[in-house]
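Participant:
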Amino acid sequence: MSKVKYYYDSETLSYKKIERKKRRTFKFILLFLLASILFSFLLVFIAGHYIESPKEKALKRELANLEFQYELLNKKMSQAETVLANIEERDNTIYRLYFEANPIPEEQRKAGFGGVNRYKKLEGFDNSELIINSNKRIDKLLKRIVVQSKSLDEIAVLAEEKEKLLASIPAIQPVNNKDLTRMASGYGMRSDPFTKQRKMHWGMDFTAPRGTPIYASGDGVVVRADSNSSGYGNHIRIDHGYGYVSLYAHLYKYNVQKKQKVKRGDLIGFVGSTGRSEAPHLHYEIFKDDQRINPINFYYGSLTPEEFSKLLERASLENQSLD
Ligand SMILES: [Zn+2]
C-alpha cells in the first residue's frame, strides 16, 4: 500500500491529496533508472581508464622493474661483447697468426641463425621487441663463444705440435763452445786434409780434445750408433722427426744405443778421431729431407746475434777441414 501524500492548500485552508497520474510516475522511475545505469557505466568506464586499482599499480611497478632489469642485462651483454671482441681480435691477429692457422673471418664469427624464425613465440606482446632483441643478442654471443672456444682448442693442438717441433729441431751446438773457439771448419768448399784437393765439406768441424762430451742438438731417436758408414768412423745419427736428422762423426766413445730416445742437451758420446779424421774433432752434419744443409743456421737456440755473426765469420773461412 502506497502512502497517500497531502499538501496544504492555503486558499482553502485545508489539506488536499496529492494526485499523480500513475503513468507519469512510472515513466519518471524508468527514466531515473536509465540515467542511473548510464551514469554507473560512465563511472566504471572512467574508473577503468583513469583510475588504477592497487593490483594494477603493483603490476605496473613490476613491469617497470622488469624493463629496467632488461636494460641492465643489455648493458652487461655489451660488456661481454666487448671482452669477447677483444679475445677474437687477439685470436685472429696473434694466436692464430703465430701458429700459422688462418684467421676466422668476421662473417663466420658473427653469423646469425638462418631458416625458421626462432623468436616466433615471443612476438605479439607490447615488449616483444625488447625481448626478441635481447634474445638475439645473447644467442649471437653464445655462438661467438662456441666459435672462439673451438679456435682455442685448435690453437692448443697447434701449440703442442709447435712445442714438439721446436724441441726437436737440432738448434744448439753439439759441443760446449762458449768462447766459440772450437769451430775449425764450416760447411762448403774446403781443402781436403788428406788429398789437399778442394771438395765439398758437408758439415762443421769442432776441434776438441779426445773425450770432450757431445750433446744431442735436439729431441729425437738414435737411429744409428755404429762405425759402418765409411769415413765417419764411430758415429751417431739422431732422427728428430719433421725431416731432420743430425749426424755426429769420428767419436771416441758412445753414450747411447740405437733406438734410444734422447732430449736436447743429452750427453750422447765423446769426441775422438775415428774414421777419416786428421785430429780429434767432432764432424757435425744436419739433414733436412735427406739433403745435407748448413748447420750454421741451426744454432739459434744457444747463440746471441753477436755470437752468431762471429761464428758465421769463422765458418765461412775457406780453410782446410779436419773431415
Ligand atoms: Zn768435417
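The working numbering numbers the first residue of the sequence shown as 106 and each following residue consecutively.
The beta-carbon is built from N, C-alpha and C at its ideal position, and this holds for glycine as well.
Predicted model only: the values in this text are computed from it and were never measured.
1. Jot down the residue ranges of each uninterrupted alpha helix (DSSP H) in the region 251-321, minimum 4 residues, whole runs only, in chain order.
2. Say the cut is 7 Å; is the CB of S296 nearer than that to a heavy atom of ligand 1?
3. What are the boundary residues of the alpha helix (DSSP H) that includes K215?
4. For N282, tell me which candidate among A264, L118 and I319 has the shortest Cα-Cα distance.
5. Here's a check: name, in chain order, each residue in its chain whose Cβ is nearer than 7 Å to the Cβ of Y175, leaving out the five neighbours to either side.
6. If V280 sits next to A313, beta carbons under 8 Å apart, how far is it from one beta carbon to the other, in whole angstroms?
7. Output the boundary residues of the alpha helix (DSSP H) element that contains Q174.
8. Does the beta-carbon distance from R295 to Q425 come in below 8 Å?
9. Alpha carbon to alpha carbon, how far is P385 from S332? Give it in angstroms, no decimals.
10. Count the other C-beta atoms from every protein chain shown that fall within 10 angstroms of the C-beta of R223, then say buried if there are 16 or more, exposed otherwise.
11. Looking at the structure shown, is R329 part of a helix, part of a strand, or coil, going by DSSP?
12. For the putative contact between K121 and D114, defined by C-beta atoms under 8 Å, what is the C-beta separation to the nearest angstrom?
13. For ligand 1, any of its heavy atoms closer than 7 Å to the Cβ of D428?
14. As a quick exercise: from V251, A420 and D284, pick the residue whose alpha carbon is nearest that of D310.
15. Are the Cβ atoms of G323 and R369 separated by less than 8 Å?
16. Just to confirm my understanding: we take E390, look at its own chain, exclude 5 residues before and 5 after, and list those with CB closer than 6 Å. What are they?
17. CA-CA distance, E229 and K248?
18. Between the Cα of P275 and the Cα atoms of V367, R129 and F150, which residue gives the shortest distance?
19. Just curious, the beta strand (DSSP E) that R342 is in, first and last residue?
20. Any heavy atom of ligand 1 closer than 7 Å to the Cβ of H340?
21. Per DSSP, what are the beta-bridge partners of Y405 in this structure?
22. Which of the three DSSP states is assigned to A433 in this structure?
23. I think V252 touches I192, with their Cβ atoms under 8 Å apart; what is that distance to the nearest whole Å?
24. With a cut-off of 8 Å on the beta carbons, I'd call K393 and Y349 a contact; round off their distance for me.
Facilitator: For this structure:
1. none
2. no
3. Segment: none, K215 is in no alpha helix (DSSP H) and carries neither H nor E.
4. I319
5. L235 and S239
6. 6 Å
7. P159 to R195
8. yes
9. 16 Å
10. exposed
11. strand
12. 5 Å
13. yes
14. A420
15. yes
16. W307, G308, L352 and R397
17. It is worth fixing the name first, because residue 229 is Gly in this sequence and not Glu. Approximately 26 Å, taken between the alpha carbons.
18. V367
19. H340 to G346
20. no
21. Beta-bridge pairing links Y405 to no other residue.
22. The chain is shown only over 106 to 428; residue 433 falls outside these bounds and no answer can be derived.
23. So it is not a contact: roughly 11 Å between Cβ atoms.
24. 6 Å
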